[in-house]
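Peer 1: Could you have a look at this structure, given as structure tokens, before my questions?
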């Protein structure tokens, strides 16, 4: 099987890039990318398409300057479905899957880019494409190859990192990798979040990674993933975090669809508790979204994670005046214009947008181009959630609508007020309380 990216605009319109199952393709304006594209708005190595064996392909932002968008939403890593649309720089690709390339080759034989068959990593068994070799991060020894991820894992087996047994990779993104590990002395499972130093890694990404450790280490709340330790190692930094046996909501939505109204309401209440506590510590998260909420289905517990963009109220952490940070699809207008000076009402909006997604099955913002996307953040309200999902009670729809008001003064003024409004709906409809955790 192949995943096919078809240029939908520009001088290369109609050209196809095909990646076979088990292979990867990097795209950027550098000749070191697996596929060079002449676009000054692209980073040197901007994104990667990773088609794992037995599953769907992933698109991954490789710490690009201008980001990667899928269906109008900025992503770090995202599973690609048929008919998805990727935007990066001034390039637009439509995604499709085919069993073989016969039909495509008949139509565009000369424009098809198909990668050579990959070599396998001797540690994890995953294939390594030739394009990945160009990145300079593949380790070769005695005709055996280590992929970039396992190269990091091997470094944990050295004397410097004795005490941790790496069990499996949990995920990856533009800022690093996350592994499940056992802390041998204490006999507990932990999550290790690893930031590898790369030539393409910006100082700001590195600073945000370290700030995340410093920020979460100060927080002690059952609705927030705990940080135990942070330390440098020869190839970068790592954070030792609480291991939570759950999955992020974005992945769950993509794999299983949206949760029930009752589950969504429970998650909203739990996240209000987390944000209310953070606000008491004078911390604004600034990136509340499904991908940063972990959920354990067996008992309904949810936890807030990824404080890499968090700021302490009244303190600057490298965000410049007039600059926006965060995930635009869930971002309030004031954060798009001036992320440095937002307060907890920005988190109220982002949680409201997250609940909108959970309840409706639709992203809060859908647009066909970047201009329309930004215009929607600033001025346009999404369709009423109760129109998209008739099971949503009108009282709950009204609460979500208020949380997503464009003007901060018209929203709930705190996570506590948001919680109380949601809880009144819960009590009115006799929905069970969220699970308690120690």
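Numbering (the working numbering), first residue to last: 197 to 634.
All C-beta atoms in this analysis are idealised placements derived from N, C-alpha and C, irrespective of residue type, glycine included.
Assess, as a yes-or-no matter, whether the segment 442 to 453 is touched by the segment 567 to 582 under the definition of 3 or more beta carbon pairs within less than 8 angstroms.
Peer 2: With the cut-off at 8 angstroms, the segment 567 to 582 and the segment 442 to 453 do not touch.
Peer 1: Rounded C-beta distance between residue 630 and residue 446? I'm assuming under 8 angstroms.
Peer 2: Indexing the chain shown from 1 puts residue 630 at position 434. Indexing the chain shown from 1 puts residue 446 at position 250. Actually they are not in contact, since the Cβ atoms of residue 630 and residue 446 sit about 20 angstroms apart, beyond 8 angstroms.
Peer 1: Going along the chain, which unbroken runs of the beta strand (DSSP E) with 3 or more residues stay wholly within the segment 460 to 512?
Peer 2: Runs found: 489 to 492 and 497 to 500.
Peer 1: Check this for me: beta carbons of residue 389 and residue 435, under 8 angstroms apart or not?
Peer 2: As a first step, residue 389 must be located in the chain shown, where it is residue number 193. As a first step, residue 435 must be located in the chain shown, where it is residue number 239. Against a cut-off of 8 angstroms, the Cβ pair of residue 435 and residue 389 comes out as a contact.
Peer 1: Is residue 227 close to chain E? Criterion is C-beta to C-beta, closer than 8 angstroms.
Peer 2: Any reference to chain E falls outside this structure, which holds one protein chain only.
Peer 1: Considering only their Cβ atoms, is the gap separating residue 202 from residue 290 smaller than 8 angstroms?
Peer 2: Along the chain shown, read from residue 1 onward, the residue named residue 290 stands at position 94. Along the chain shown, read from residue 1 onward, the residue named residue 202 stands at position 6. Yes.
Peer 1: Quick test of your reading: residue 557 and residue 585, contact by CB under 8 angstroms. State the CB separation rounded to the nearest angstrom.
Peer 2: Here the question's residue 557 lines up with position 361 in the chain shown. Here the question's residue 585 lines up with position 389 in the chain shown. Contact holds; Cβ gap of about 7 angstroms.
Peer 1: Report the partner residues of residue 379 according to the DSSP bridge assignment.
Peer 2: Sequence index remark: in the chain shown, residue 379 carries index 183 (1-based). Its beta-bridge partners are 360 and 384.
Peer 1: Evaluate residue 193 with the Cβ neighbour count: other Cβ atoms within 10 Å of its Cβ, from every protein chain shown; 16 or more gives buried, anything less gives exposed.
Peer 2: Since the first and last residues shown for the chain are 197 and 634, residue 193 lies out of range.
Peer 1: For residue 529 and residue 546, which I take to be in contact (beta-carbon distance under 8 angstroms), what is that distance rounded to the nearest angstrom?
Peer 2: For the purposes of this step, residue 529 is identified with residue 333 of the chain shown, where counting begins at 1. For the purposes of this step, residue 546 is identified with residue 350 of the chain shown, where counting begins at 1. The Cβ separation is near 12 angstroms, so there is no contact.
Peer 1: Do residue 384 and residue 363 have their C-beta atoms within less than 8 angstroms of each other?
Peer 2: Along the chain shown, one-based indexing puts residue 384 at 188. Along the chain shown, one-based indexing puts residue 363 at 167. No, these two residues do not count as a Cβ contact at 8 angstroms.
Peer 1: Could you check how far apart the C-beta atoms of residue 471 and residue 489 are, in whole angstroms? I think they sit under 8 angstroms.
Peer 2: In the chain shown, residue 471 corresponds to position 275, counting from 1. In the chain shown, residue 489 corresponds to position 293, counting from 1. The Cβ separation is near 11 angstroms, so there is no contact.
Peer 1: For residue 213 and residue 200, what's the separation of their Cα atoms in angstroms?
Peer 2: As a working mapping, residue 213 is identified with position 17 in the chain shown. As a working mapping, residue 200 is identified with position 4 in the chain shown. If you take the alpha carbons of residue 213 and residue 200, they lie about 6 angstroms apart.
Peer 1: So, are the CB atoms of residue 405 and residue 391 less than 8 angstroms apart?
Peer 2: Against the chain shown, residue 405 aligns to sequence position 209. Against the chain shown, residue 391 aligns to sequence position 195. Cβ atoms of residue 405 and residue 391: closer than 8 angstroms.
Peer 1: Does DSSP put residue 457 in a helix, a strand or coil?
Peer 2: Position 261 of the chain shown, counted from the start, is the residue given in the question as residue 457. Helix.
Peer 1: Can you list, in chain order, the residues of its chain whose CB lies under 7 angstroms from that of residue 307, leaving out five sequence neighbours each side?
Peer 2: Along the chain shown, read from residue 1 onward, the residue named residue 307 stands at position 111. Residue placement at residue 307 is flagged as unreliable, the pLDDT there being 36, under the threshold of 50; a coordinate-derived value is accordingly withheld.
Peer 1: Using the Cα positions of residue 427 and residue 497, report the straight-line distance between them to the nearest angstrom.
Peer 2: Translated into the one-based positions of the chain shown, residue 427 becomes position 231. Translated into the one-based positions of the chain shown, residue 497 becomes position 301. Approximately 29 angstroms, taken between the alpha carbons.
Peer 1: Quick one: residues in its chain with C-beta nearer than 6 angstroms to the C-beta of residue 444, no 5 flanking neighbours on either side, listed in chain order?
Peer 2: Stepping through the chain shown from its first residue, residue 444 is reached at position 248. So the qualifying residues of the chain are 487 and 490.
Peer 1: Which value, in whole angstroms, describes the spacing of the CA atoms of residue 624 and residue 382?
Peer 2: Taking the chain shown and counting its residues from 1, the one referred to as residue 624 is at position 428. Taking the chain shown and counting its residues from 1, the one referred to as residue 382 is at position 186. Each residue's Cα considered, the two are about 45 angstroms apart.
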